[in-house]
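Visitor: Under my numbering, the first residue of the sequence shown carries the number 11, and numbering increases by one thereafter. Glycine residues also receive a C-beta, built at the ideal position from the N, C-alpha and C atoms.
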Amino acid sequence: AVTAGLSMTGLRAANFSSGQGIAYMHESLYAAVGKRLTYILNIGARAMTKSTLNVHAGHDDYHAIDDTGFFQLFAKKAQHVADLNIIAHRIAELALTPGVIAQDGFLTTHLIESLQLPERALIKEFLGRPDDIIDTPTEAQKIIYGDTRRRIPELWDVDNPVMAGIVQNQDSYMQSVAAQRPFFFDHIKELTDYAFAEYEKLTGRQYERVMSYRAEDADYLILGQGSVVSSAEVVVDYIRETRGIKVGVVDLVMFRPFPSDLIGKLLKGKKGVTILERLDQPLAVDAPISREIRSAISMCVENGASKKDMPYPDLDSYKPNDIPALYSGSFGMGSRDLQPEGLIATIENMLPDGKHKKQFYLSIDFIRDVPYTPKQRAYQESIQDAYPNVKDLAIRGSENPNLMPEGAITVRFHSVGGWGAITTGKNLAMTLFDLLGYDIKANPKYGSEKKGQPTTYYLAAAPEPIRINCEYFFVDVVLSPDPNVFKHTNALAGLKKGGYFIVQSDKETPGEAWADIPEVYQKVIISQDIHVYYIDGFKIAREEATDPELQLRMQGIAFQGAFFAASPLMQNANLSEVELLKAINDQLQYKFGSKGQRVVDDNMRVVKRGFDEVHEIMDKVLGAGHEDKKNGETGLTIPTMMKSIPQSESKMSDIHRFWEQTGNFYLRGMGNDNITDPFIGLSVMPAVTSLFRDMTGIRFDHPEWIANNCTACGDCYTICPDTAIPGLVSELSGILDTVLTRVKKAHGKVEFLPKAVRQLEGKIRTQFKQSENGTTVNEHIHQAIDLLVRESDEGPDLAKEFDWFREELGDFQFALTRPYYDLHEKAEPNSGGLFSITINPTTCKGCMECVEVCDDDALRVVPQTDKSVER
Ligand code: SF4
Ligand code: SF4
């Protein structure tokens, strides 16, 4: 509404939104068009929440407003985003129609990419001022405004007051709608072409409503919008070169008004055209672009069939042989990665010996060719029995080539959200750009949860533009600020032979650091001649950060120094240390200068130490450090707590079913390989799945419960986002019986203990009554045992059995609290229960929200150690 208001007062306005934001503003967009406003709506195109929340790329929001009357553009890369934005304002102000310019959410919006940024002076010259008086561009506008008009007309003008947004009934509403077609909308096409031509005159950069790549002589075309277009161009080059198949790419720059005239010309006579769309509309005849293309082609066919004048003179004329076979593919929804393999599948599907699937999905599987487990095989068979053709809904390509340009260097980071990896990645990308003048591409991959979760960052630099847009499967360097990376990810995946791996380690010697790498990965490192380095980035950040808040964030910065020291880049590019440090310093000044010199200096010292303190592991002996372990491989164990949870009657809420079909794959680091089955279609999760997660790998501290301070207020277990801190009230007799049962299980028959334990309860309760401040429940129990042993005739024999009892009791803590002990004792003596809080050692992610809400100092932060986890 604010943007519309600005526009109504004759100002140049723009809005930026995406996803649900677009859905919420949907209604207001129609009115903006009807009022002939001239603002531009930028969309970082995102998937809409359907069954589940996803904030990543999708074209749902873009197509949700297809028929509001906005003209719609889509940019495939940063350069196009910048240029088309400026051009869009020009079109809107000429046509008096607001416009949309979209780019792929995250995949383009969050991508660092080289571009020529249009200068302010250029923008000023091209767009002029909103209050410039210009020649009125169309006849209809001349009828309203005369031969000249204000560049952005004022709807709110005190000198010429009008009422807008009025009510129109049966008498006049329809005329007001119909008038918009000939007098306004029909002019957009020619005014767009005019604006493109004007921009080209100034910049040399040429745009058209539909752009193409190697399409002229092509037999087959891939048509799409957004970042997929650039990837398709590289794949097309590769397929032409390796297989001699003539393939081309069509970039649908403008969706509204639909460029039927240009599409008709481009597609005529092709053998096959695949339209790739980053959405799915299963109830429609076709996806949005496909629908338009079929309509455009049918008009061309009507032209061809006409005996007299062509009914659609702007469009081409088709004879039956000119009609291409059309295919429709859904891909990349919610930023699902699309590898070259998927685009190759698209091409192979169209070839004479291809599958010719008319509608298909890329990069997912309904049925896996090779199931991961016998249970998955059986499950897949049950799905295939019910849906024999479901497998063919997804298609796969026959290869997945590395399509990075010659001389490119590709880097992958493995870190944890909140540790500064994204800042490091950005700085590194910008430094490479400054140092080498290379084209760069860098982008993060993370989920919506971000903080505390594994994060991946991709970075590439190359002497020529990098067109491919996907996760990198072939990398030269892997940086892992995450010391536990191997517990959840194969950090060596795709690392090239002779590549470089740099990992965070607090170990003193190379031998110890090597021993931390599981044997299965040691084997890969040795067979692939991978250079391994380690660095204690945490120690460096701790010692150098003057602001303790920044310690975690600055750990990643040390890796920037380590990267240059370890990788051969400096040597290959003939760079001195002085040049390198200057470029890094410039980058830090640019990035952090506004925060003060201290922040820049802190970061610089961390980078420098990262450079100096990275060590190479030279002595790489398979199995070294794992002599006392089985094979160094972290086997997959079923979460302990699951064993005690019974199978649910409903499959939907059954945690065991969920573990088999979904949970275990995440724990193996294979969450990406979920199959497309009926359960995922429903996307609900059974309760307590948090117990699948093992957070020990990404947690350095955890809370510790101080029983004697606890008041059992319940705030901690109410706030915990992961149900990792359950509170429990137990009867004293129940606790003693449980310990006794455990003793019997561990030591077989016990002679004196059963009788003694019955007496113990009374003694403990007496102890409680005489309680002095500071004595814990466990101390009371031990004191009561001592007393009982002293008073007993069985002496050493009973003492021995009580030693077993103490052992089984361990240091599990209990608290005497007002709500569960005092109040109950008051109402009925000996009825008070013991309160206990346990922190689940695997599922607690260390967010410390429980510590923050505890007002009684009953939860404190302690460092995680092997012992503390075991306990
Ligand atoms: S640990 Fe703190 S927050 Fe939790 S129940 Fe005890 S007093 Fe309340
Ligand atoms: S630290 Fe966070 S996850 Fe762990 S028990 Fe406390 S609130 Fe729960």
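Answer yes or no: the CB of residue 863 versus the heavy atoms of ligand 1, is any distance below 7 Å?
Guide: Reading the sequence shown from its first residue, position 853 is the one you call residue 863. At least one heavy atom of ligand 1 is nearer than 7 Å to the Cβ of residue 863, so yes.
Visitor: Quick check on residue 335: does DSSP put it in helix, strand or coil?
Guide: Here residue 335 corresponds to residue number 325 of the sequence shown, with the count starting at 1. It is a strand residue.
Visitor: Please name the residue in 389, 104, 754 whose C-alpha comes closest to that of residue 201.
Guide: What you label residue 201 is simply residue 191 of the sequence shown in a count that begins at 1. Of 389, 104, 754, the residue nearest in Cα terms is 104.
Visitor: Could you tell me the alpha carbon to alpha carbon distance between residue 850 and residue 517, rounded to whole angstroms?
Guide: The residue given as residue 850 occupies position 840 in the sequence shown. The residue given as residue 517 occupies position 507 in the sequence shown. Using only the alpha carbons, I get a separation of about 27 Å.
Visitor: Look at the alpha carbon of residue 861 and the alpha carbon of residue 823, and state the distance between them as a whole number of angstroms.
Guide: Numbered from its first residue, the sequence shown carries residue 861 at position 851. Numbered from its first residue, the sequence shown carries residue 823 at position 813. Near 18 Å, if we compare the C-alpha coordinates of residue 823 and residue 861.
Visitor: Would you call residue 111 buried or exposed, if buried means 16 or more other Cβ atoms sit within 10 Å of its Cβ?
Guide: The count along the sequence shown starts at 1 and reaches residue 111 at position 101. It is buried - the Cβ of residue 111 has at least 16 other Cβ atoms within 10 Å.
Visitor: Assuming residue 72 contacts residue 55 under a Cβ cut-off of 8 Å, what Cβ separation, rounded to an integer in Å, is found between them?
Guide: As a working note, residue 72 is residue 62 in the sequence shown. As a working note, residue 55 is residue 45 in the sequence shown. That pair is a contact at about 5 Å.
Visitor: Since residue 527 contacts residue 496 with CB under 8 Å, what's their CB separation in whole angstroms?
Guide: Position 517 of the sequence shown, counted from the start, is the residue given in the question as residue 527. Position 486 of the sequence shown, counted from the start, is the residue given in the question as residue 496. With 8 Å as the limit, residue 527 and residue 496 qualify as a contact, their Cβ atoms being about 7 Å apart.
Visitor: Spell out a yes or no on whether the region 677-689 and the region 834-853 are touching, meaning 3 or more CB-CB pairs, one atom from each, closer than 8 Å.
Guide: No, because fewer than three Cβ pairs between the region 677-689 and the region 834-853 fall closer than 8 Å, the two stretches do not touch.
Visitor: In angstroms, rounded to a whole number, what distance separates the CA positions of residue 507 and residue 535?
Guide: Locating residue 507 in the sequence shown gives position 497, where the first residue counts as 1. Locating residue 535 in the sequence shown gives position 525, where the first residue counts as 1. Going from the Cα of residue 507 to the Cα of residue 535 covers about 9 Å.
Visitor: Does residue 852 come out as helix, strand or coil in the three-state DSSP assignment?
Guide: Here residue 852 refers to the residue found at position 842 of the sequence shown. Coil at residue 852, not helix or strand.
Visitor: Could you compute how far the alpha carbon of residue 643 sits from the alpha carbon of residue 524?
Guide: The residue given as residue 643 occupies position 633 in the sequence shown. The residue given as residue 524 occupies position 514 in the sequence shown. Reliability of the predicted coordinates at residue 643 is poor, the pLDDT of 45 falling under 50, and the value obtained from them is presented with this limitation in mind. Answer to the nearest angstrom: the Cα atoms are 14 Å apart.
Visitor: Can you find the residues in the same chain that come closer than 7 Å, C-beta to C-beta, to residue 446, ignoring five residues on each side of it along the sequence?
Guide: Here the question's residue 446 lines up with position 436 in the sequence shown. Excluding residues within five positions, the ones whose Cβ falls inside 7 Å are 471, 583.
Visitor: Would the region 113-126 and the region 159-170 be scored as touching if the rule is three or more Cβ pairs under 8 Å?
Guide: No: the two stretches stay apart, fewer than three of their Cβ pairs being nearer than 8 Å.
Visitor: Which residues share a DSSP beta bridge with residue 147?
Guide: Here residue 147 refers to the residue found at position 137 of the sequence shown. Answer is none; residue 147 lacks a bridge partner.
Visitor: Can the beta-carbon of residue 100 be found less than 8 Å from the beta-carbon of residue 194?
Guide: In the sequence shown, counting from the first residue as 1, residue 100 sits at position 90. In the sequence shown, counting from the first residue as 1, residue 194 sits at position 184. Their beta carbons are not under 8 Å apart, which means residue 100 does not touch residue 194 by this criterion.
Visitor: Please state whether DSSP places residue 114 in a helix, a strand or coil.
Guide: In the sequence shown, the residue the question calls residue 114 occupies position 104. Residue state, collapsed to three classes: strand.
Visitor: Give me the Cβ distance between residue 485 and residue 420, rounded to the nearest whole Å; I'm assuming they're in contact under 8 Å.
Guide: Numbered from 1 along the sequence shown, position 475 holds the residue referred to as residue 485. Numbered from 1 along the sequence shown, position 410 holds the residue referred to as residue 420. About 5 Å separates the two Cβ atoms, so the contact holds.
Visitor: For residue 656, is the classification buried or exposed, using 16 other Cβ atoms within 10 angstroms of its Cβ as the cut-off for buried?
Guide: The residue given as residue 656 occupies position 646 in the sequence shown. By the 10 Å Cβ count, residue 656 comes out exposed.
Visitor: Could you tell me which of 487, 184, 290, 12 sits nearest to residue 577, measuring between CA atoms?
Guide: The sequence position of residue 577 within the sequence shown is 567, counting from 1. Closest option to residue 577, Cα to Cα, is 487.
Visitor: Within the chosen definition, does the region 300-319 reach the region 275-285 through at least 3 CB pairs nearer than 8 Å?
Guide: Yes: at least three Cβ pairs fall under 8 Å.
Visitor: Could you pull the DSSP bridge partners for residue 873 from this structure?
Guide: As a first step, residue 873 must be located in the sequence shown, where it is residue number 863. In DSSP, residue 873 forms a bridge with 711.
Visitor: Note the first and the last residue of the continuous beta strand (DSSP E) segment covering residue 553.
Guide: Here residue 553 is taken as the residue at index 543 of the sequence shown, counted from 1. Unbroken run through residue 553 is the alpha helix (DSSP H), 547-554; no beta strand (DSSP E).
Visitor: Which runs of the alpha helix (DSSP H), 4 residues or longer, sit entirely within the region 339-408?
Guide: List check, alpha helix (DSSP H) in window: 350-360, 384-396.
Visitor: Residue 879 and residue 814 look like a contact to me (Cβ under 8 Å); what is the Cβ gap, rounded to whole Å?
Guide: Counted from its first residue, the sequence shown places residue 879 at position 869. Counted from its first residue, the sequence shown places residue 814 at position 804. With 8 Å as the limit, residue 879 and residue 814 do not qualify as a contact, their Cβ atoms being about 25 Å apart.
Visitor: According to DSSP, what are the bridge partners of residue 505?
Guide: Along the sequence shown, one-based indexing puts residue 505 at 495. Residue 505 is bridged to 485.
Visitor: Suppose you measure from the CA of residue 552 to the CA of residue 617; what does that come to, to the nearest Å?
Guide: Along the sequence shown, read from residue 1 onward, the residue named residue 552 stands at position 542. Along the sequence shown, read from residue 1 onward, the residue named residue 617 stands at position 607. So the alpha carbons of these two residues sit roughly 13 Å apart.
Visitor: Under 8 Å: do the region 14-27 and the region 652-666 share three or more Cβ pairs, one atom per stretch?
Guide: Result no; under three Cβ-Cβ pairs closer than 8 Å.
Visitor: Is it true that the region 607-615 meets the region 542-549, where meeting means three or more beta-carbon pairs spaced less than 8 Å apart?
Guide: Short answer: they don't touch.
Visitor: Does the beta carbon of residue 847 fall short of 7 Å from some heavy atom of ligand 1?
Guide: Position 837 of the sequence shown, counted from the first residue, corresponds to residue 847. Because some heavy atom of ligand 1 lies under 7 Å away, the Cβ of residue 847 counts as near it: yes.
Visitor: Taking all protein chains shown into account, decide if residue 425 is buried (16 or more other Cβ within 10 angstroms of its Cβ) or exposed.
Guide: Taking the first residue of the sequence shown as position 1, residue 425 is located at position 415. Buried, because 16 or more other Cβ atoms sit within 10 Å of the Cβ of residue 425.
Visitor: Taking the alpha carbon of residue 387 as the reference point, which residue from 434, 492, 605, 671 has its own alpha carbon closest?
Guide: Within the sequence shown, residue 387 is the residue found at index 377, counting from 1. Of the listed residues, the one whose Cα sits closest to residue 387 is 671.
Visitor: Less than 6 Å between C-beta atoms, sequence neighbours within five positions excluded: which residues of the same chain meet that for residue 640?
Guide: As a position in the sequence shown, residue 640 is number 630, starting the count at 1. Residue confidence is low: residue 640 scores 47 on pLDDT, short of 50, so the model does not pin down where it sits. Its coordinate-derived value is still stated next. Closer than 6 Å at the Cβ level, and outside the excluded window around residue 640, lies no residue.
Visitor: Would you kindly check if the distance between the Cβ of residue 437 and the Cβ of residue 592 is under 8 Å?
Guide: Walking along the sequence shown from the start, residue 592 turns up at place 582. Walking along the sequence shown from the start, residue 437 turns up at place 427. Their beta carbons are not under 8 Å apart, which means residue 592 does not touch residue 437 by this criterion.
Visitor: Over the uninterrupted alpha helix (DSSP H) stretch that includes residue 825, give me the two end residues.
Guide: Here the question's residue 825 lines up with position 815 in the sequence shown. Here residue 825 belongs to no alpha helix (DSSP H), and DSSP marks it neither H nor E.
Visitor: With DSSP as the reference, label residue 643 as helix, strand or coil.
Guide: To locate residue 643, count along the sequence shown from 1; it is residue 633. Summary for residue 643: the model assigns pLDDT 45, below 50, so the residue's position carries little reliability; its value from the coordinates is reported in the next sentence. In the structure shown, residue 643 sits in coil (DSSP, three-state: anything other than H, G, I, E or B).
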